[in-house]
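Please read the structure below before turning to the comments.
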Amino acid sequence: MKLLLPKDSIMQTSKFTFGVATSSFQIEGGADKRLPSIWDTFCSTENKIKDGSNGDIACDHFTHWHDDIEMIASLGVDAYRFSISWPRVIKQDGSLNQDGVNFYLQILNKLSEKNIKAFVTFYHWDLPQHIEDNGGWLNRETAYMFRDYVNLITQAFANKVYSYATINEPFCSAYLGYEIGLHAPGKVGKEYGKKAVHHLLLAHGLAMQVLQKNSPETLNGIVLNFTPCYPLTDKKEDVVAAQLADDHFNQWYIKPILDGEYPELLDKLPQEERPEIFENDLTIISQPIDYLGINYYSRAIYRSDDKEQFIQEVPLNVPLTDMGWEIYPEAFTELLVSLNEKYNLPPVYITENGAAMPDVITDGVVNDIDRVEYFQSHLYAVNNAIAQGVNICGYFAWSLMDNFEWAEGYLKRFGLVHVDYETQKRTIKTSGSAYRDLINQRHIKSE
Ligand code: IFM
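If you use this note's numbering, the sequence shown corresponds to residues 9 to 455, in order.
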């Protein structure tokens, strides 16, 4: 089964970047060679991870990184997006852990040998546990510790990186981690969520200042996830409910970065839910960025509710992925176009898009047609947004390989490559071959 490149699209030229993405905790393992992170603690807490698993070994990329990069190269991608494990590269006293840094330097060198651009994310949720013990993202000090970590690493990685992202999906860290407790560190309380967001965004702004100084030649930005909010009906109260959800879950993260202010909703929040905002914070947060990374998987539907204001509907009778997320590529186009209308967007990279599917491996083959279809419809959706004037420069499939899917453990598979967790054998799925052929098609066309 084939993936087709949209006709007459920039996607057919080498100006468009195609890549694959992963993150440190989800693939690395090698947990005994670094400090503990909040995800180690969360995994060892009863009933937090569906299959009771952890990230101690994961895909053992810590051992298999060399072959994994050969595999990435065999897919013909232009770029590889991965994250740095903060607890691997920084010691408890704040100094550099050279062994940890060397692990990433070998990866960066190998990528450069293969002519693959390195898109490096500094924070994909694995906060060192000792920093959480001091309040984690509820403590303003954490933002400054993040800045210092970025400062040391940018010096250590000099000239080896193509692009830096400060933070991946602050929504997940703040809301899932500090408000509803589905993710590490598992805190629950409305009074925590927006405080954590503010410190995450402050950390982003402070890190951008460091990047401008230490690494002005790289493409520097942040990665935000969006779940577009649709009303259940066109009744006014449902429309208002969906807009409110959108302010809380989407606009809350992008508006301070691009407009230097939070949505008006800030003034309506009860005092205990408001973050403490210092005088220059929003100026720091709204430092210019070279690009915006956008992650999209699905949409959500809301209806009004007297008590909760808005309630998310469970999708019924619609196509779903194995996560239970609705497959709705139209929302991807609408999201990109609406963000472009609302904001003065910098160049955009789709830094994650993909689907968990109920894969079966038979005689060494994973014929994941459903995932190929997902990619095809979403690539068209991105192309439709490009056709409507959105400046999109690249697309990263989530994920290179099956990995630790957070609270779902190893039960959900998002990879283009199947991982047998017993043997660590990698098998390229039908979707992986289709992605490779799509990229090769483009190379032939642009010659
Ligand atoms: O696996 C995650 C990734 O770490 C962040 N974005 C969403 C993916 C799928 O849930």
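Even glycine gets a Cβ: it sits at the ideal position worked out from N, Cα and C.
Small disclaimer: the values here were computed from a predicted structure and weren't measured.
Item                                                                                                                                                                                 : Value
For the region 114 to 139, which segments carrying the beta strand (DSSP E) assignment without a break, of at least 3 residues, lie completely within its bounds, in sequence order? : 125 to 131
Just to confirm, does S31 get its C-beta within under 6 angstroms of one of the non-hydrogen atoms of ligand 1?                                                                      : yes
Using C-beta distances below 7 angstroms, list every residue in its chain close to A393, excluding the 5 sequence neighbours before and after it, in chain order.                    : T341, L344, V345 and I400
Which residues mark the beginning and the end of the alpha helix (DSSP H) in which W47 is found?                                                                                     : I46 to C51
Can you tell me whether DSSP reads R458 as helix, strand or coil?                                                                                                                    : The structure shown does not extend to residue 458, since the chain spans only 9 to 455, so no value can be given for it.
Could you give the uninterrupted runs of the alpha helix (DSSP H) lying entirely in the region 255 to 338, keeping only those of 4 residues or more?                                 : 260 to 267, 273 to 276 and 289 to 293
Can you find the residues in the same chain that come closer than 8 angstroms, C-beta to C-beta, to E199, ignoring five residues on each side of it along the sequence?              : E280 and E281
Return the first residue and the last residue of the alpha helix (DSSP H) that N222 is part of.                                                                                      : K198 to N222
Below 8 angstroms on the Cβ atoms is my guess for V390 versus I436; work out the distance and round it to an integer in Å.                                                           : Not confirmed; about 23 angstroms, so no contact.
Check whether the Cβ of E36 sits closer than 6 angstroms to any heavy atom of ligand 1, and report yes or no.                                                                        : no
With a threshold of 6 angstroms, establish whether the CB of E416 neighbours any heavy atom of ligand 1.                                                                             : no
Any heavy atom of ligand 1 within a distance shorter than 6 angstroms of the CB on E360?                                                                                             : yes
Looking at the unbroken beta strand (DSSP E) that takes in P239, where does it start and where does it end?                                                                          : C237 to P239
Quick check on the DSSP output: the beta strand (DSSP E) that includes N233 runs from which residue to which?                                                                        : L227 to F234
Does I447 come out as helix, strand or coil in the three-state DSSP assignment?                                                                                                      : helix
Can you tell me which residues form a DSSP beta bridge with K433?                                                                                                                    : D428
Answer yes or no: do G332 and F422 have a C-beta to C-beta separation smaller than 7 angstroms?                                                                                      : no
So, is T241 buried or exposed, given that buried needs 16 or more other C-beta atoms within 10 angstroms?                                                                            : exposed
With distances taken between CB atoms, is the gap from P193 to Y261 smaller than 7 angstroms?                                                                                        : no
Short of 6 angstroms in beta carbon distance, which residues of its chain neighbour S91, apart from the five on each side in sequence? Order them along the chain.                   : S31, S32, T129 and H132
What does the Cβ neighbour count give for L83, buried or exposed, with the cut at 16 atoms within 10 Å?                                                                              : buried
Can you find at least 3 beta carbon pairs, one from the region 399 to 416 and one from the region 349 to 357, that sit closer than 8 angstroms?                                      : yes
Looking only at its chain, what residues have a beta carbon closer than 6 angstroms to the beta carbon of G417, apart from the 5 residues adjacent to it on each side?               : I57, K58, D59 and S61
Taking 7 angstroms as the threshold (C-beta atoms), are L266 and Y152 in contact?                                                                                                    : no
Within the same chain, show all residues whose beta-carbon is closer than 8 angstroms to that of A415, passing over the 5 residues directly before and after it, in chain order.     : K56, I57, K58, L190 and H191
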